[in-house]
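Worksheet: one structure, shown below.
Chains as they are written, first to last, in this note's numbering: chain L, 944 to 1223; chain Z, 3 to 238.
As structure tokens, this is what we get:
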């Protein structure tokens, strides 16, 4: 074992790269353990995805994210290593599964994306309209690379968004209100489609928000969306659901989106995150 | 697509103050109309969608039944159920020429099509093109329909024993025009009431579901209802 490491070391040094990025726990194993625990048509709906997950393209996105994260960038030429995602500057292990949370330096409850925007702008000095900050979608965006890397450092850890600060609780409760709020030309709320088990909309099996073992996969973003051929974020999923509900999409990073993400993460509390995941 | 400047503005002090206030209120401080919590979150919602106009803005505003069903989490008690049933019954409008079965072939197309109603900056649906009923998203429509959803019951064989009988046609027209006139807080959209389908389109779909010759009602292909894909989740 030791010998293997010693042999590999010069190779890594020779080609000038750091060790490969790794999810904290193999997402395939996390998912398999959940499948062994509950009988869920949602968790098992795509055999093909289960087989392909070991070669999840999001793993490359994560790898790119690692390089971006540790490279000095922006007008201030600093890396994101001093960005505090809630567990102290530079601490990534378990940080994502404890988001959204209240940050005293901004006085706001922030999700991963809004926290990343904050650090890019304040630490690295990127202006708001720089593509690094502005472009939030697509596997090639800095955002998706960085979010996938940061999130993967919490793979296998239980969702545990803090509820100590009154604003954390308020955002979660606001999210619950929004989840049940019916409106629009289709009279839908999120509960219309996400409070029963094993039901389908056309061919898609719907995850049930009241079964945490099932819901944890639903909220495990970033995930490679096979149908989109891109890695997608939680924020993207919120927008997509409103689009499908025939609503205008909320502003990215707005309080309603963070509230929904607070609530849906709270619903998965205690169950292990699958990061990065692969979805239909 | 999501201009950061707008986002930053929406995330500013106003929303924060609202949420601090919200944290201090309990859901039971019910004033007349909206409770304190409801008013606060409604303000957050307005802020989070930014400057909308026209139908995009209107769609975010709730009507009485949407508000009641949100509060009841889609499980209205007996009194509220009665209230919704009578209110929604009174909202049904009938076509000028009375209720006559429409074109079942057109109806089949409308029952499958999920087109229409998508709004926003990216790829909005063309309001000039006919909306579809998207019934297939939630219902299996024909005996061999593997593409249909299961949020609602299978409609395969729906017309068997009903046919084009005027009472059956009226009942189905009303079910599609306004499901909440039959099932308060139904998951099914109020297609006619919300102006998503025209009365004529509803009659086309009704003809497709009821006509004895429709593929929906072809008994020779009717097989046992497909095994329920719902598998019980092991008790925790």
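Here a beta-carbon is modelled for each residue, glycine too, at the ideal position from N, C-alpha and C.
Interface partners of residue i on chain L, CB under 7 Å
i, result
"residue 52 of chain Z", "1194"
"residue 290 of chain Z", "Residue 290 of chain Z falls outside the range modelled here, since chain Z spans only 3 to 238, and no answer is possible."
"residue 189 of chain Z", "1135"
"residue 146 of chain Z", "Residues of chain L passing the Cβ test: none, with the nearest at roughly 15 Å."
"residue 122 of chain Z", "1186, 1191, 1192"
"residue 68 of chain Z", "1125, 1126, 1130"
"residue 58 of chain Z", "1191"
Boundaries (first-last residue) of the beta strand (DSSP E) holding residue i
i, result
"residue 1166 of chain L", "1166-1168"
"residue 91 of chain Z", "Careful: residue 91 of chain Z lies outside any beta strand (DSSP E), inside the alpha helix (DSSP H) at 80-91."
Rounded distance between the beta-carbons of residue j and residue i, thought under 8 Å
i, j, result
"residue 970 of chain L", "residue 1219 of chain L", "6 Å"
"residue 160 of chain Z", "residue 82 of chain Z", "With a Cβ gap of about 29 Å, residue 160 of chain Z and residue 82 of chain Z do not count as contacting."
"residue 1006 of chain L", "residue 963 of chain L", "7 Å"
"residue 241 of chain Z", "residue 112 of chain Z", "Past the boundaries of the shown model lies residue 241 of chain Z; chain Z is included only from 3 to 238, so the question cannot be answered."
"residue 1098 of chain L", "residue 1216 of chain L", "6 Å"
"residue 157 of chain Z", "residue 142 of chain Z", "7 Å"
"residue 1152 of chain L", "residue 1210 of chain L", "5 Å"
"residue 1036 of chain L", "residue 1096 of chain L", "5 Å"
"residue 152 of chain Z", "residue 1142 of chain L", "5 Å"
"residue 1053 of chain L", "residue 1201 of chain L", "7 Å"
"residue 1156 of chain L", "residue 1214 of chain L", "6 Å"
"residue 1012 of chain L", "residue 1089 of chain L", "6 Å"
"residue 118 of chain Z", "residue 134 of chain Z", "6 Å"
"residue 136 of chain Z", "residue 1128 of chain L", "About 12 Å separates the two Cβ atoms, so there is no contact after all."
"residue 106 of chain Z", "residue 213 of chain Z", "5 Å"
Under 7 Å by beta carbon: chain Z residues contacting residue i
i, result
"residue 1205 of chain L", "Result: empty, since nearest Cβ-Cβ is about 11 Å, beyond 7 Å."
"residue 1184 of chain L", "Residues of chain Z passing the Cβ test: none, with the nearest at roughly 12 Å."
"residue 1132 of chain L", "72"
"residue 1200 of chain L", "50"
"residue 1128 of chain L", "61, 119, 196, 198"
"residue 1123 of chain L", "72, 75"
Run of the alpha helix (DSSP H) containing residue i, from where it starts to where it stops
i, result
"residue 1221 of chain L", "Segment 1220-1222 is the beta strand (DSSP E) holding residue 1221 of chain L; no alpha helix (DSSP H) there."
"residue 37 of chain Z", "Neither: residue 37 of chain Z is in no alpha helix (DSSP H) and is coded neither H nor E."
"residue 1159 of chain L", "1155-1161"
"residue 64 of chain Z", "Careful: residue 64 of chain Z lies outside any alpha helix (DSSP H) and carries neither H nor E."
"residue 1066 of chain L", "It is not in any alpha helix (DSSP H) - residue 1066 of chain L carries neither H nor E in the DSSP assignment."
"residue 111 of chain Z", "106-114"
"residue 1088 of chain L", "1085-1095"
"residue 1077 of chain L", "1074-1077"
Residues sharing a beta bridge with residue i, DSSP
i, result
"residue 1173 of chain L", "L:1168"
"residue 1046 of chain L", "L:1051"
"residue 1027 of chain L", "L:1032"
"residue 1197 of chain L", "Residue 1197 of chain L is not bridged to any residue."
"residue 1131 of chain L", "L:1126"
"residue 1101 of chain L", "L:1215"
"residue 1147 of chain L", "L:1144"
Interface residues of chain Z facing residue i [CB-CB closer than 8 Å]
i, result
"residue 967 of chain L", "Those do not exist, as residue 967 of chain L stays about 25 Å from chain Z at its closest Cβ, beyond 8 Å."
"residue 1144 of chain L", "139, 140, 151, 153"
"residue 1163 of chain L", "The premise fails here: residue 1163 of chain L is roughly 18 Å from chain Z at the closest Cβ pair, so nothing lies under 8 Å."
Contact list for residue i against chain Z, beta-carbon separation under 9 Å
i, result
"residue 1175 of chain L", "The premise fails here: residue 1175 of chain L is roughly 13 Å from chain Z at the closest Cβ pair, so nothing lies under 9 Å."
"residue 1075 of chain L", "Per Cβ cutoff of 9 Å: no residues; residue 1075 of chain L is ~11 Å from chain Z at best."
"residue 1084 of chain L", "In chain order: nothing, as chain Z lies at least about 11 Å away."
Contacts that residue i makes with chain L (C-beta to C-beta distance below 8 Å)
i, result
"residue 64 of chain Z", "1124, 1125, 1126"
"residue 192 of chain Z", "1130"
"residue 39 of chain Z", "1116, 1120"
Residue i CB to nearest heavy atom of the ligand PLP below 6 Å
i, result
"residue 135 of chain Z", "The ligand PLP is not part of the structure shown, which contains no ligands of any sort."
Cross-chain neighbours of residue i in chain L, by beta carbon under 9 Å
i, result
"residue 184 of chain Z", "Result: empty, since nearest Cβ-Cβ is about 14 Å, beyond 9 Å."
"residue 84 of chain Z", "Chain L residues near residue 84 of chain Z: none, gap ~19 Å exceeds 9 Å."
"residue 111 of chain Z", "Within 9 Å Cβ-Cβ: nothing; residue 111 of chain Z doesn't reach chain L, min ~16 Å."
"residue 169 of chain Z", "Per Cβ cutoff of 9 Å: no residues; residue 169 of chain Z is ~26 Å from chain L at best."
TODO: Scan the segment 135-207 of chain Z and note each continuous alpha helix (DSSP H) run of 4 residues or more that stays entirely inside, going in chain order.
DONE: 137-140, 168-179
Open item on the list: Going residue by residue through the segment 972-1021 of chain L, where are the continuous alpha helix (DSSP H) segments of at least 4 residues, counting only ones entirely within it?
Closed with: 990-995, 1001-1013
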